[in-house]
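Using our numbering, the first residue of the sequence shown is number 8, and each one after it goes up by one.
Each residue gets a CB set at the ideal place from its N, CA and C atoms; glycine is no exception.
Please read all numbers here as calculations on a predicted model, not as lab measurements.
What follows is a single structure, written as structure tokens, with notes after it.
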Amino acid sequence: MTETCSTLENNFDDIKHTTLSERGALREAARCLKCADAPCQKSCPTQLDIKYFITSIANKNYYGAAKAILSDNPLGLSCGMVCPTSDLCVGGCNLYASEEGPINIGGLQQFAVEVFKDMKIPQIRDPSLPALEQLPSSYHEKIALIGCGPASISCATFLARMGYSAITIFEKQKYIGGLSSSEIPQYRLPYEVIDFEIQLMRDLGVKVL
């Protein structure tokens, strides 16, 4: 059925061709060659363990896949949606010249983290690390980050995981998320995705003012 302009006027539904259903994700993950010297991983700026998270998806271990992604990249869902993968990991895929084409790595990344998002599991520090009260006093010094954009969200998350406990992000705008909120249209990157990644950061005790 053809939709009219009036019904589409405020419709920001996901229309990306890379978005995958569970069935599509399992089929795509099964195609991966699990290359010994994976060129996709060498082409990823965040150095994700792509081979591991795709193998986890193929085994239906979606939590494990999302954990691997978010451990290396706190903005794993945003990147799965908007990263120019054709110029990076997908461009390096050994299946690029095959009939079916390269692995849809961005779509698989988005799928895994969206499943985790629906689980509503808060982020915690690695229990194997020293408790906050056992860390040196320098870990309790105040840290300020200016602007609640992708860089600050990522930086604050990694600092909080290390044990720094007094991190505050200062944002002058009425919205948070930086360019991810103000410049990227919602059908590419919905606000709820940005809110999800910010909430994971806040789970670790980071404050936003």
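query	result
Going by DSSP, which residues form a beta bridge with Lys214?	Thr175
Please name the residue, chosen from Gln206, Gln116 and Lys74, that lies closest to Ala32 on a Cα-to-Cα basis.	Gln116
Should the stretch 104 to 120 be regarded as contacting the stretch 73 to 87, the criterion being three or more beta carbon pairs within less than 8 Å?	yes
Would you tell me roughly how many angstroms separate the C-alpha atoms of Cys155 and Leu142, rounded to the nearest one?	27 Å
Compare the beta carbon distance of Gly98 and Ser28 with 8 Å and say whether it is the shorter of the two.	no
Rounded to the nearest angstrom, what separates Pro109 and Leu102 at their Cα positions?	5 Å
For Ala151, which residues does DSSP report across the bridge?	Thr175
Pick out the complete alpha helix (DSSP H) segments inside the stretch 185 to 210, 4 residues or longer, and give them in chain order.	186 to 189 and 198 to 210
Pop quiz: Ala151 and Thr175 are said to be a contact at Cβ under 8 Å. What is the actual Cβ separation, rounded to whole angstroms?	6 Å
Pro81 and Glu199: beta carbons closer than 8 Å?	no
The alpha helix (DSSP H) spanning Arg30 covers which residue range?	Glu29 to Arg38
On the CB-based measure, 16 or more other CB atoms within 10 Å of its CB, does Leu77 come out buried or exposed?	buried
Return the chain-ordered list of same chain residues with a C-beta closer than 8 Å to the C-beta of Pro52, the five sequence neighbours on each side being excluded.	Leu95
Using the C-alpha atoms, what's the distance from Ser63 back to Gly71?	6 Å
Tell me where the alpha helix (DSSP H) around Arg132 begins and ends.	Taken as a continuous stretch (DSSP letters only), Arg132 belongs to no alpha helix (DSSP H), as it is neither H nor E.
Kindly list the residues whose CB is nearer than 6 Å to the CB of Gly184, restricted to its own chain and excluding five residues on each side of it in sequence; keep chain order.	Ile201
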